[in-house]
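Structure, rendered in structure tokens:
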């Protein structure tokens, strides 16, 4: 399952980066994809955790990152000014991002359930 999640995460990261380059795609799509990658990352770290716990971990951690954008500590502002810092930590708190994160995580949880549901036939 780890390798499937890793491959999916790489694909989603590429799609997320491309979503910022295509003007007609809403910014919320990139935010949802970012949060779905957080879900997958937790699944790679804790492969035996159920989807609901992965979703909860992903939601809490992504929301913490979003709320951290309200902090204006010099070192944190400087970190966010770097490319990697901006990609990982974002910049500028938006409530709409919290909604996009929740939707992205729910979508990834649903996709995993659909793709990897154990057959009981």
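In our numbering, the protein residues as written are 149 to 269. Even glycine gets a Cβ: it sits at the ideal position worked out from N, Cα and C. Predicted model only: the values in this text are computed from it and were never measured.
Residue span of the alpha helix (DSSP H) that contains residue 172, given as start and end:
DSSP places residue 172 in no alpha helix (DSSP H); its state is neither H nor E.
_Whole-Å CB distance - residue 156 paired with residue 167, under 8 Å assumed_ = Between residue 167 and residue 156 the Cβ distance is about 16 Å, and since that is not below 8 Å, they are no contact.
Item checked: residue 221, DSSP secondary structure in three states -> Coil, per DSSP.
Original post:
Looking at the structure shown, is residue 229 part of a helix, part of a strand, or coil, going by DSSP?
Top reply: Taken through DSSP and simplified to helix, strand or coil, residue 229 comes out as coil.
Which word fits residue 257, buried or exposed, when buried means at least 16 other C-beta atoms lie within 10 angstroms of its C-beta?
Classification for residue 257: buried.
message = Quick check on residue 231: buried or exposed, where buried means 16 or more other Cβ atoms within 10 Å of its Cβ?
response = Exposed: under 16 other Cβ atoms inside 10 Å.
Notebook entry, point to check: Looking at the structure shown, is residue 209 part of a helix, part of a strand, or coil, going by DSSP?
Noted result: Note: residue 209 maps to helix in three-state DSSP.
In whole angstroms, what is the alpha-carbon distance linking residue 263 and residue 153?
Rounded to the nearest angstrom, the gap between the Cα atoms of residue 263 and residue 153 is 11 Å.
Using the C-alpha atoms, what's the distance from residue 249 back to residue 200?
CA-to-CA, the gap between residue 200 and residue 249 works out to about 15 Å.
| task | Would you kindly work out how many angstroms separate the C-alpha atoms of residue 174 and residue 245, rounded to a whole number? | result | When rounded, the distance between both Cα atoms is 12 Å.
Notebook entry, point to check: Run through DSSP, which three-state label would residue 256 get?
Noted result: Helix.
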